[in-house]
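> The structure follows.
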Amino acid sequence: MRSRNERHLKYTAYILSGMGSLLVIVWCVAALVPALRALMLDFVASFLAGLLVTGVLWWTAHHASDEARAFWRWLAWAWTLGIAGNVAWGIHDYVTGETLAVFSLIDAFYIARYVLIFWTFWRYPRRMQHAAWPTYGVLLAAATALIWAALFRPVMAAIPRPVLFFLGGALYPIMDIALVYVAWTALTYTADRRMRVTMRWLVGALIVYSLANWINFRVRSEVFEASSLAAGLFWLLSDVGTGVAALYAVWPSAVGAALTPRAAPSTTLPARLPVFAAWLTAGLAVVDGVARQAVDAMLLVCAALALILAACHRLFCKREDGDESVH
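If you count by this note's numbering, then the sequence shown holds residues 62 to 388, one letter each, in order.
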């Protein structure tokens, strides 16, 4: 029975991998041929790839071990929300003939997707400690400062844009930083070898997705209706990485990857990153003020928040270390 189940998993994985490879080839051809791009075949291939990965995640959740099933199920729901948001976006553009605003009700699908992905890596393989919460505030403040100084402010100098436009466009690249960090932290607490490889693929996919959003934000800051071929490629590669991770987790072994947590992280780099990010943000504000002979209010606020939250992070860490030593 076990060998028969393994053969079934292997054949299904081959079929799913072949379908994904075909969609990648179709996207590449459509992206390189202007006539096919004009027909938006690259968007169609990208959407179908995302739909396929969503199906792969649900398939993995069905075949995963009992302890890992909830992990894959949460990710599958997150990708399902992303597909629902894409469908709603397409219907909006088709029915109204207008470009979607910076903020709209459709963003609820994508924000909910981010929340589910964050919760998945926060909860598995082990629930993060309370000391981790200020960490994300530091990283979000640092990401906001970097995007403001490097991407948005130079564009705003040439093309006036309201701050609301910055907040709407930069929301996703900023949230990407939190997702990459929480997934990286989850990787450091993963003990099972197969699951560690799977986690590396998932972290890589999130990094690539973040790059796509940064590129997209840079392009749309100049021309709101513009689209970027590079961003489309990175979004596609992110789906590919996620699909590979899901397939590897359950194939070719019928046992699958286990979410066994480590007693201590494999590296302390994630714990040290908030302090580094806080000082980097403060340094950026100082260097920018000296170079421009002017104080940037956005950078000043980000630097102050980062330093305060980094201090809170250190305080919580000391308290929780003390509690653990008592117990």
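Where is the CB? At the ideal position from N, CA and C, for every residue including glycine.
Considering Cα atoms alone, identify which of 109, 95, 91 and 110 is closest to residue 102.
Looking at the Cα atoms, 91 is the closest of the given residues.
> Using the DSSP secondary-structure output, state which residues sit across from residue 251 in a beta bridge.
Beta-bridge pairing links residue 251 to 322.
> Report the three-state DSSP secondary structure of residue 355 (helix, strand or coil).
It is coil, neither helix nor strand.
> How big is the Cα-Cα spacing for residue 364 and residue 112?
The straight-line gap from Cα to Cα measures roughly 40 Å.
> Assuming residue 310 and residue 117 form a contact by the criterion Cβ under 8 Å, report the distance between their Cβ atoms to the nearest whole angstrom.
That pair is no contact at about 10 Å.
> So the candidates are 292, 281 and 202; which of them puts its Cα closest to the Cα of residue 371?
Selected option, being the one with the closest Cα: 202.
> Looking at the unbroken alpha helix (DSSP H) that takes in residue 186, where does it start and where does it end?
Counting along the chain, residue 186 falls outside any alpha helix (DSSP H), and DSSP gives it neither H nor E.
> Mind checking residue 329: buried by the 16 CB within 10 Å criterion, or exposed?
Burial call: exposed.
> Is residue 132 buried or exposed, if buried means 16 or more other CB atoms sit within 10 Å of its CB?
The residue in question, residue 132, is buried, as its Cβ has 16 or more Cβ neighbours within 10 Å.
> Could you check what DSSP says for residue 167 in three-state terms: helix, strand or coil?
Looking at residue 167 - three-state DSSP - the assignment turns out to be coil, as it is neither helix nor strand.
> Considering only residues of the same chain and omitting the five flanking positions on each side of residue 296, which have a CB-CB separation below 6 Å?
Taken in chain order, the residues that qualify are 273.
> Output needed for residue 234: all residues of its chain with C-beta closer than 8 Å, excluding positions within five of it in sequence on either side, in chain order.
Result list for residue 234: 204, 208, 271, 274, 275 and 278, in chain order.
> Just verifying my parser: in three-state terms, what is the DSSP assignment at residue 101?
In the structure shown, residue 101 sits in coil (DSSP, three-state: anything other than H, G, I, E or B).
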